[in-house]
Amino acid sequence: MRWVACRGSSGTEPPSPRFGHTATTLNRGRYVVVFGGLSRASDSTSGGALNDVVVLDVLHDAWFRPVARDAAHQPPPRAFHCACATSATTMTIACGRDGREQRGDAWTLDSETWTWTVLTQARTTARDFACCAPVGDGSMVMFGGFDGKKWLGEVETLDARRGAEARWRTERVRPAKLEAIEAIVATASGKTAPEARSGSAMVKYGPNVLVFGGQGANGGAFNDTWCLKRERDENGEPDGWSWVKLVLRGSPPNARAGHAMSVMSTTSTSGQTPSIVVTGGVGDDGWLVKERCYYDDAHFLDGDNARWQKLSFSGEGNGPSSRAYHTLTHVSQNKCLFFGGFNGANACNDSWWLTVDDMEYLDISLEARPSPRALVNALRDRLKTESSVNVFAGNDAAFRQHLSACDVEDVKIGDVPGLMREYALATAALGLPGSRQDAQGRFRHRDPADITLRDLGSALTELQSAYIANA
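In structure tokens form, the structure reads like this:
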């Protein structure tokens, strides 16, 4: 996996710095809709939450602010609410707070008309820091939160398709028996349900829902993982829910709240496997004296092996800084969008792609760190994004000079065939064997269209060594 800075190179300005907002994918990954949040920590108790809508058009790499048909009819400002997509073009938000005023309302936003609709019958206990996820057929499930006096542990569902008639339903969730849930080995061990909590993260995983972390009634944070399993009757129809505490291998993330969680697909021996990624959050650090600690880490739950592992990323300084109350939004099978958050002092508004597929990283065409070839980058930045102009066309010497000094992050997709051609020539000049099984010059026979970013980096390193040896 790799972090890649998202610049939103066209369109309007990105959303203002904020935290406690939501970011929801609509139109099958075309749009990421950012709503609400706080711009300053002082607004947490004094009011001043936001209720603007800012959208990233993923296809055109452009932020824009949609104009609603009825601008006067929109949700009151709020932060620490929850939101999810309840259809391909509709998102539903619920609860949250502005200052000390907590909310228990629900609204839907239609991305075809950018019109808000209040679900007048969908009132629930006013709260903040709840989490939610879509569960299909226009419905969503919500868990936890804090109502100003106590932490909540109920599970509620809402069928947003019913519009003005939609109502929250409190589910009676039963403990599950010992069993396996899809690829993740699970067992009902110890407690039969998660403790009441707020600041958890929730994602849909197949027909079920996963919940990780949060903060409980004693102020302590959790690092447990629970599955809210969708039960079926003998005819295969939905028949309620059951809690399953997952017993997982590896080292889970430290206990935390205010983190973000999403689903990404990874390639395994059994094909494409949905897996979970957890980023950031806030917890307590220290032994005798507990101190507030904001995390900049990322952890991966391998759905094939039921194992947690901490992710490491190439390049020092790449990726988001330590923070909590940000978002990590699933955009496609291979990438998520990370946006905003609070670092303990200030709100943030940087955005990052977290991507699995190496070639998709190149397709984004955004560097994860500053390029040492400033002159070349400045020239390319002046070209239109969709331009296929080769700035080295007809000047092989300049291209070789560029390759001899650049990093793999500086290599554009259009440069890859030329790089591999140079690689074949330079390694052949060293007198290396020409067979496809050579130990050295091993990328000489690779198809440029199929090479991964990791192998491309290795080929570039070998090419630069060959340039030195041939000098």
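Those letters in the sequence shown? Residues 20 to 490, per our numbering, in order.
The C-beta atom is built at its ideal place from N, Cα and C for all residues, glycine as well.
In this text, all values refer to a predicted model and were calculated from it rather than measured experimentally.
Here residue 487 is exposed. Its C-beta has fewer than 16 other C-beta atoms within 10 Å. Under the three-state reduction of DSSP output, residue 417 falls in the helix class.
When secondary structure is reduced to three states using DSSP, residue 351 falls in the strand class.
Membership of residue 134 in the beta strand (DSSP E) is indicated by the continuous run 134-137.
Taking a 10 Å sphere around the C-beta of residue 468, we find fewer than 16 other C-beta atoms and assign the residue as exposed. Burial check for residue 415: the Cβ neighbour count within 10 Å stays below 16, so the residue is exposed. Per the coordinates, the alpha-carbon of residue 81 lies some 46 Å from the alpha-carbon of residue 252. Leaving aside the five residues that flank residue 226 on each side, the residues in its chain whose CB is nearer than 6 Å to its CB run, in chain order, 249. Per DSSP, the beta-bridge partners of residue 370 are 358. For residue 477, the enclosing alpha helix (DSSP H) starts and ends at 472-489. Relative to the Cα of residue 235, the nearest Cα in the group 432, 244, 194 and 214 belongs to 214. Just so you know, the alpha carbons of residue 84 and residue 146 end up roughly 28 Å apart.
Apart from the 5 residues on each side of it in sequence, residue 36 sits with its Cβ closer than 8 Å to the Cβ of 58, 359, 365, 366, 367 and 368 in its chain, given in chain order. Secondary structure note for residue 438: its alpha helix (DSSP H) is the uninterrupted segment 435-448. Exclusion of the five residues before and after residue 302 leaves 240, 273, 274, 275 and 312 as the residues of its chain whose Cβ lies within less than 6 Å of its Cβ. Its Cα nearest to that of residue 152, the residue 231 stands out among 265, 231, 74 and 31. Just so you know, the alpha carbons of residue 142 and residue 221 end up roughly 21 Å apart. Between residue 362 and residue 242, the alpha-carbon positions lie close to 20 Å from each other. For residue 194 against residue 211, the beta-carbon gap comes to about 4 Å, under 8 Å, which counts as contact.
In the DSSP assignment, residue 103 is bridged to 111. Beta-bridge partners assigned by DSSP to residue 328: 319.
Taking C-beta separations shorter than 6 Å and ignoring five residues to either side along the sequence, the partners of residue 448 in its chain run 489, following chain order. Inter-segment contact for the stretch 258-271 and the stretch 334-350 is absent: fewer than three beta-carbon pairs are separated by less than 8 Å.
Closest in alpha carbon position to residue 167, among 217, 136, 184 and 130, is 217. Nearest Cα to residue 20 within the set 155, 355, 48 and 271: 355. Residue state for residue 243 is assigned as strand, using DSSP reduced to three classes. For residue 223, DSSP records a beta bridge to 228. Counting along the chain, residue 261 sits inside the beta strand (DSSP E) bounded by residues 257-264.
Per the C-alpha coordinates, the member of 293, 129, 294 and 223 positioned closest to residue 180 is 129. Within a 10 Å sphere around the beta-carbon of residue 78 sit fewer than 16 other beta-carbons, which makes this residue exposed.
If the five residues before and after residue 269 are omitted, its C-beta is found closer than 6 Å to the C-beta atoms of 326, 327 and 328, all from its own chain and listed in chain order. Residue burial annotation: residue 39 is buried, with at least 16 other C-beta atoms found within 10 angstroms of its C-beta. Residues 463 of the same chain have their beta carbon placed closer than 6 Å to that of residue 443, with the five preceding and five following residues left out of the count.
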